[in-house]
Amino acid sequence: MEVNEPGTLVNDEIVIKLKEEVAKMKDNYIRSLAEQENIRTIAKRDIDQARQFAVTKFAKNLFEVNDVLSMALEAVPVEMRSCDNHKELKSLYQGIDMTEKLLVKAFASSNIERFGCVGDIFNPNVHDAMFAYSDSEKEPGTIGQVVKVGYLLNGRVVRPASVATIQKGKGGVEVV
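Going by the numbering used here, the first residue of the sequence shown is number 7, and it counts up by one from there.
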């Protein structure tokens, strides 16, 4: 049997094996620390996104309410909106207008923005083209009519704007 004395071959082999084991354990330890940090980062990001977009479903339901309020406002002829001959209609219009403005203000306080205006350049990432038509007075590739406004929540599209686009051509309507 060999005697384990300092400087012997047996001791050197044991030291080398122990050093290799320590290096592996250190590597595993560093990797597990990195994994824990990744988990913390992902969890923080998920929590932040959940906070930012928690109102999405509720907001989508209110978009329809805002659409109806806008349609009600548009249904009142411009000349009757301030006409004293139709005081009830004038009051009704003003009440609907105030309600719609309050709803838009509530959207803004939750970082919800409306978008989609006639004349904007069509962007397929935020606009949903319902149909296209020719109009010699408007620039091709722009929005000619807004069917439904779109909404952004914290910069993310929650509902794309439903629009009609202007196309080059002789005339007519093309359903997209």
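Just so you know, even glycine gets a beta-carbon here, dropped at the ideal spot from N, CA and C.
Distance, residue j Cα to residue i Cα
i, j, result
"Leu24", "Arg37", "20 Å"
"Thr148", "Cys123", "10 Å"
"Tyr157", "Phe121", "6 Å"
"Pro83", "Phe59", "38 Å"
"Gly175", "Ala138", "10 Å"
"Glu43", "Lys50", "10 Å"
"Gly161", "Asp90", "43 Å"
"Ala170", "Ser97", "33 Å"
"Ile48", "Phe128", "35 Å"
"Ile102", "Ala40", "56 Å"
"Ser76", "Asn131", "24 Å"
"Pro166", "Leu68", "15 Å"
"Gln55", "Val153", "30 Å"
"Glu70", "Gln151", "18 Å"
"Ser142", "Ser168", "22 Å"
"Pro146", "Leu79", "29 Å"
"Leu95", "Ala112", "26 Å"
"His92", "Ser115", "35 Å"
"Tyr35", "Val28", "10 Å"
Where the beta strand (DSSP E) containing residue i begins and where it ends
i, result
"Val71", "No beta strand (DSSP E) holds Val71; the alpha helix (DSSP H) holding it covers 62-81."
"Met136", "133-140"
"Gly156", "156-159"
7 Å CB neighbourhood of residue i in its chain, flanking five on each side removed
i, result
"Thr62", "Leu159, Val164"
"Asp4", "What the structure shows of the chain is the stretch from 7 to 182, and residue 4 is not part of that stretch, so it cannot be assessed."
"Met86", "His92, Leu95"
Opposing strand residues paired with residue i [DSSP bridges]
i, result
"Thr148", "Ile127"
"Ala167", "His133"
"Gln173", "Ser140"
"Arg162", "Leu159"
Same chain only: Cβ atoms within 6 Å of residue i, ignoring 5 sequence neighbours per side
i, result
"Asn72", "Leu109"
Contacts around residue i, its chain only, beta-carbon distance under 8 Å, and the 5 residues preceding and following it disregarded
i, result
"Thr105", "Leu75"
Any C-beta of chain B under 7 Å from that of residue i
i, result
"Leu39", "This model lacks chain B altogether; it includes just one protein chain."
Complete beta strand (DSSP E) runs within the segment 88-125 (minimum length 3 residues, chain order):
118-121
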